[in-house]
């Protein structure tokens, strides 16, 4: 009884008050930065797509690799980090009874730190002093300002993590013996991963800074590369876990159903947190200096991450079918007619989920020794992460904006805006399918990633890629239309849509669901397990790289 | 947990396991594993270190060749290689500056070549023709022109 009462009080309070203006401002600001980054990064993406198809020559003051670095930084770091923080903080405010004043201060400090960091990162990129890609592999050495900027960005994200931990810990203290609400539970998982993912890359940056300043002569190339990917791949899965939160918790509510088993949902989150960081190693399958046995173990560690995703696939379609049948859906597959296809808040995340089927399969290919060798560093990889990030994750984020932005702005989603959203979703789907499809295909034929338009001295093989690259440009052009529509939608809903109440859609559990066991709340234990798995994965190769290290490499500027 | 879900998850787990077994069999029994050479080299003294002091193509057996090659921004040395059809070629690679990639289009030759490490990869060329060799890791302003060919006669 006690829990029911507490829940009722919280829900009533939230319904009556909505999100507090202070909390709303945090999310609005973060989303503003995120979608500004999308606009800018999207245009830079278009430039590359057109150049890559041989249709556009870059002006002398702007080169392809500069544009590519900025595109990566804006979309991979800024868009995702700011969206995730804005989204989860709104949800934490909603489900935990508001953010603590202390937490607000922390997340604002983090915001300032990140903005300073982004400026410091962007200036050298604009000056062509940091055309090193967002992966900044040493011994390529950017201007020191670039790395200082990264430190501020990392600090800012850490502060957002700490803010989440404090707010959740406070809630748990006041609700002893209860489970953290599922949305905040997702937030905890995401921020735990972010917190730990940033540690290896921070160590890398602290190795690089004295080296670019000339205080030390050489850098261990393989150690920095390994530390980068321990972060890089975890980041990928942080986006994915964030998108998953909407699939499990929000989408069922939008289609008028109940959510999947609470226990299994939490198990999926724990599994993704525990197994994730080790996945980074499959980016190094064709690297020297790591023996085949270790690589094979890492294939297993990477493929293991596929398992919770396969659990998710089942859960999602089971929820769809169950809900549609309740509404009178009939037949083996005929029930699909009962789903709200005309609602962008469902359509966008649905297509995003569907895209994850080929995207996940492609991921399994790439993390497997021999198959990776076929596609490593080809356009296939670029196609893969445009399908995963650009479609599965970002389309889910887009779908979220159609209720989240009205919710935090005290406005409503109009039927007209919903229609625009549907059009945007269709354009994005066609654009991404064309572009990512062409990238996968031309990658199989050997076309390399991160390379401006080149015929390799009119080589016949290279010339045979051109038709595919043309499709890439068509896809890219459609996508920029999608970007403009989406950014327009976000700012319209934030500032101009009609005022009114919008619900934060959180689905309830099935009636009579079994009680979730309390071990799911033992984050301390799960973090220890995660650290053990990370050690299993990384201690041997890192020791190998350090003990058998070649003399270090000096900093080089090759652009 | 429903019965359907148990079946689905068992199949999922089984699929991953079969995948692992096939991958392991190919990697260890058929020697199709990814390039993983363990030797290192001083990246600032590549020109003075054997065998890279004399890069080139060398016949090491009947139908067997070894190509000792350095990669540097933005070229391969030696370039424009020629080998007879049916020969097996071992590429011995290292970088003189930043991390490069070594890829031969239309084959499975694909290896990372970071400075300080010696990478090795083997390929049998059955079909005559001109194959495109290119760098597939971004290495600087001229990355897109870092390409050459291997001609199989």
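Protein chains in written order, with UniProt numbering: chain A, 1 to 559; chain B, 1 to 153.
Ideal placement from N, C-alpha and C gives every residue a C-beta, glycine not left out.
Does the Cβ-Cβ distance between residue 243 of chain A and residue 392 of chain A come in under 8 Å? If you check the CB distance, residue 243 of chain A and residue 392 of chain A come in under 8 Å.
Taking 8 Å as the threshold (beta carbon to beta carbon), is residue 152 of chain B in contact with chain A? no
Return the first residue and the last residue of the beta strand (DSSP E) that residue 72 of chain B is part of. Segment 64-72, the beta strand (DSSP E) holding residue 72 of chain B.
Own chain partners of residue 154 of chain B with C-beta closer than 6 Å, once the 5 adjacent residues on each side are dropped: Because chain B is modelled from 1 through 153, residue 154 of chain B falls outside the range shown and cannot be assessed.
Just checking: is the beta-carbon of residue 300 of chain A within a distance shorter than 8 Å of some beta-carbon in chain B? yes
Residue 70 of chain B to residue 102 of chain B, Cα distance in whole Å? 11 Å
Residue environment, residue 538 of chain A, which counts as buried when at least 16 other CB atoms sit within 10 Å: Label assigned to residue 538 of chain A: buried.
When we look at the beta-carbon of residue 136 of chain A and count the other beta-carbons within 10 Å, is it buried (16 or more) or exposed? buried
Just checking my contact of residue 288 of chain A with residue 35 of chain B at CB under 8 Å: how many whole Å lie between their CB atoms? 7 Å
Relative to chain B, which residues along the segment 58-70 of chain A have a C-beta separation below 9 Å, given in chain order? 63, 64, 65, 68
In chain order, which continuous runs of the alpha helix (DSSP H) of length 4 or greater are located wholly inside the segment 435-471 of chain A? Within the segment 435-471 of chain A, the complete alpha helix (DSSP H) runs of at least 4 residues are 460-463.
When you compare only the Cα positions, how much space is there between residue 28 of chain B and residue 18 of chain B? 15 Å
Is the CB of residue 98 of chain B under 8 Å away from at least one CB in chain A? yes
Where DSSP assigns a beta bridge to residue 75 of chain B, which residues make up the other side? B/72
Considering only residues of the same chain and omitting the five flanking positions on each side of residue 83 of chain A, which have a CB-CB separation below 6 Å? Closer than 6 Å at the Cβ level, and outside the excluded window around residue 83 of chain A, lie 34, 397.
Separation of residue 374 of chain A from residue 444 of chain A, as counted between CA atoms: 7 Å
Whole-angstrom distance between residue 19 of chain A and residue 274 of chain A, CA atom to CA atom: The C-alpha of residue 19 of chain A is placed about 32 Å away from the C-alpha of residue 274 of chain A.
Output the distance between the C-alpha atoms of residue 80 of chain A and residue 31 of chain A, rounded to the nearest integer angstrom. 10 Å
Quick check on the DSSP output: what are the complete alpha helix (DSSP H) runs of length 4 or more inside the segment 357-425 of chain A, in order along the chain? 369-375, 379-387, 394-409
Would residue 556 of chain A and residue 140 of chain A be called neighbours here (beta carbons separated by less than 8 Å)? In this structure, residue 140 of chain A lies closer than 8 Å to residue 556 of chain A by Cβ.
Which residues in chain A sit within 7 Å of residue 63 of chain B, going by Cβ to Cβ distance? Those do not exist, as residue 63 of chain B stays about 23 Å from chain A at its closest Cβ, beyond 7 Å.
Length of the line joining the Cα atoms of residue 339 of chain A and residue 135 of chain B: 48 Å
Give me the DSSP bridge partner(s) of residue 494 of chain A. DSSP lists no partner for residue 494 of chain A.
Step through the CB atoms of chain A and report whether any lies within less than 8 Å of the CB of residue 115 of chain B. yes
Any beta carbon of chain A sitting closer than 8 Å to that of residue 21 of chain B? no
Using a Cβ-Cβ cut-off of less than 7 Å, list which residues of the segment 23-38 of chain B approach chain A; keep chain order. 23, 24, 26, 27, 32, 33, 34, 35, 36, 37, 38
Helix, strand or coil for residue 40 of chain B, going by three-state DSSP, please let me know. strand
What residues of chain E sit near residue 119 of chain B, judged by a beta carbon separation below 7 Å? Protein chains A and B are contained in the structure displayed, whereas chain E is not.
Could you give the C-beta distance for residue 563 of chain A and residue 446 of chain A, rounded to a whole number, given that I count them as a contact under 8 Å? Nothing about residue 563 of chain A can be read from this structure; chain A reaches only from 1 to 559.
Kindly identify the DSSP beta-bridge partner or partners of residue 499 of chain A. In the DSSP output, where bridge partners are listed per residue, residue 499 of chain A has A/411.
Spell out the partners DSSP gives residue 111 of chain B in its beta bridges. For residue 111 of chain B, which the question treats as bridged, DSSP gives the partners B/102.
Determine, for residue 356 of chain A, whether the minimum Cβ-Cβ distance to residues of chain B falls below 8 Å. no
Which residues DSSP lists as bridging residue 284 of chain A, in chain order: In DSSP, residue 284 of chain A forms no bridge with anything.
Within 10 Å of its beta-carbon, does residue 458 of chain A have 16 or more other beta-carbons around it, so buried, or fewer, so exposed? exposed
Please confirm whether residue 141 of chain B has its beta-carbon closer than 8 Å to some beta-carbon of chain A. yes
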